[in-house]
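The sequence shown: position 218 = 217 (numbering that gives the first Met the number 0), numbered continuously. Glycine included, C-beta positions come from ideal geometry on N, C-alpha and C. Bear in mind that the values here come from a model prediction, so they are computed numbers and not experimental data. I have placed the structure first, in the form of structure tokens, so that the comments after it can refer back to it.
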Amino acid sequence: MSGLVNGTNNKIGSTREERLMKARREDIPSPVLEALLRGVVVPAHLLALRRNRTFDRERQRALTRYYVDAGVGGLAVGVYNTQYAIRSVGLYEPVLRLAAETAAAWTRRPLVLIAGVAGRTAQAVAEAQVARSLGYHAALLNVSAFKGASEGEIVVHCRRLAEEMPLVGFYLLPEVGGIRLSQDFWRRFAQIENVVAIKIAAFNRYGTLDVVRGVVEAGAEGRVTLYTGNDDHIVADLLTPFAFHRGNERINVRIKGGLLGHWSFWTRRAVELLDRIHRAIATGLTPLDLLGLDVTITDCNGAIYDAAHDFRGCIPGCHEVLRRQGLFEGTWCLDSAETLSPGQAESINRVYATYPDMNDDIFVRANLNQWFAERRSSVTPTLDVA
């Protein structure tokens, strides 16, 4: 990371104009960009560890294959659910590389590859450069390192990162380290030409409206695709038409896809859900049972994401589901203190029993051996989970 300097006008290996030419959104392959704009399922990729908390490459590879065969439209790697501590133990590049290489070897479908990028500007630039070198298409920006800084400073940081690769904004809820950001911030962020999407994970309806309204005020609703990260309102986010006025013009905006930790498990069901929502929007007919799924999914998420304990057990909760399915060996995190909360396993038992149609255990059992095989067999993944 030598030679990296903060600031929007400083050189890091090339002129600003040259960096922008390399990073522009048009360089994203057309099928990938079309998928991103249409709205797809993007799970926040989890991290497989052994009991001694070393990287379990075999299970990590199997997990990526699971996501691909479940029908996802992309992968988000190096993000919150992947555990930010991968940076301090030298796993950032290996984890991103393995996901990209595994996906490329497992499918010819175009997948949106999104890399989590964190830290102050020098660190974030270095991570973006690693991600771009590995074939990632966009950077999901976590600006938590700027806690206490002005929104203007954060915008400067974002503009600098946009010179490296296309950006996905990230409104992360403060309960897990995020920063409250105003409507004006999101307006200024959406004005950055190389922003392609924003993930809204404010877990707050007012914060969600701030993002959408900011995009509308920037006149960027046709360029910036909105993705829900609000695990407490997934279905409502995806079904709701957001209507605002810009001058005398009424602007209707939709959240089109999801970049979600909740979709890092039971992923086949997530793909089916988003397909159903897209069909309902296209026909203008929304069945009541589809609306009712908002409550069901939020209840499941509350148990697995450990809402009762302010989300302290959210990552171990996701791991626990994958452990039950046979994809993970245990629930271990890089931080040994990050474990299931008291009563969380019992809460997961409850939602499994209450909502048996929400899991994709049959799909996983049918394909598990193939995901752990040395290479893909000629067998088509079993998709019928009835």
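Query                                                                                                                                  : Result
Range covered by the alpha helix (DSSP H) that runs through A138                                                                       : It is not in any alpha helix (DSSP H) - A138 instead sits in the beta strand (DSSP E) that spans 137-140.
Whole-angstrom distance between T53 and F241, CA atom to CA atom                                                                       : 45 angstroms
Candidates V40, L45, R58: closest to Q369 by CA position                                                                               : R58
Simplified DSSP state of T227, which is helix, strand or coil                                                                          : strand
E319, buried or exposed, once every other Cβ within 10 Å from all chains shown has been counted against 16                             : buried
Contact check, A389 vs G115, beta carbons under 8 angstroms                                                                            : Lying before the first or after the last residue shown, residue 389 is absent from the chain, which here runs from 0 to 385.
Integer-rounded CB distance, given that F202 should sit under 8 angstroms from D231                                                    : 5 angstroms
Reduced DSSP secondary structure (H/G/I, E/B, other) of I27                                                                            : coil
E328 versus V142: straight-line alpha-carbon distance, rounded                                                                         : 32 angstroms
Closest residue to A121 among A144, E174, Y226, L46 (Cα-Cα distance)                                                                   : A144
Per-residue DSSP class, three states only, for E163                                                                                    : coil
DSSP three-state assignment for R56, whether helix, strand or coil                                                                     : helix
Outcome for N348 when other beta-carbon atoms lying within 10 angstroms are tallied against a minimum of 16                            : exposed
Range of the contiguous alpha helix (DSSP H) that encloses I361                                                                        : 360-370
F184, DSSP secondary structure in three states                                                                                         : helix
A269 versus T224, V234, P165, G168, residue with shortest Cα-Cα distance                                                               : V234
Reference A372; option with closest CA among R56, V214, H44                                                                            : R56
Rounded separation between T63 and L110 - CA only                                                                                      : 12 angstroms
Contact under 8 angstroms by Cβ, T397 with L35                                                                                         : Past the edges of the chain, shown from 0 to 385, lies residue 397, and the structure says nothing about it.
Contacts around V39, its chain only, beta-carbon distance under 6 angstroms, and the 5 residues preceding and following it disregarded : G72, G73, G256
Boundaries (first-last residue) of the beta strand (DSSP E) holding L74                                                                : 73-76
Validate contact between the segment 192-211 and the segment 168-179 using beta carbons, cut 8 angstroms, 3 pairs                      : yes
Spatially closest choice to M357 from A306, N300, G168, H308, by CA coordinates                                                        : N300
Run of the alpha helix (DSSP H) containing V175, from where it starts to where it stops                                                : Segment: none, V175 is in no alpha helix (DSSP H) and carries neither H nor E.
Given 8 angstroms, three or more beta-carbon pairs between the segment 278-289 and the segment 304-321                                 : no
Minimum length 4: unbroken alpha helix (DSSP H) runs contained in the segment 231-258                                                  : 233-238
Nearest-angstrom Cβ-Cβ length linking L112 and E150, presumed shorter than 8 angstroms                                                 : Contact flag wrong, Cβ pair sits at about 29 angstroms.
Nearest residue (CA-CA) to I191, options A161, I197, D209                                                                              : A161
DSSP-derived helix/strand/coil call for G206                                                                                           : helix
Opening and closing residue of the beta strand (DSSP E) in which G301 lies                                                             : No beta strand (DSSP E) contains G301, which is instead part of the alpha helix (DSSP H) from 287-303.
Host beta strand (DSSP E) of T40 (start-end)                                                                                           : Rather than Thr, the amino acid found at residue 40 in this sequence is Val. First-last of the beta strand (DSSP E) with V40: 40-42.
DSSP bridge partner residues for L62 (one or two, in chain order)                                                                      : For L62, which the question treats as bridged, DSSP gives no partner whatsoever.
Limits of the beta strand (DSSP E) - the one that G115 falls within                                                                    : 111-116
C-alpha gap between L290 and T207, whole angstroms                                                                                     : 19 angstroms
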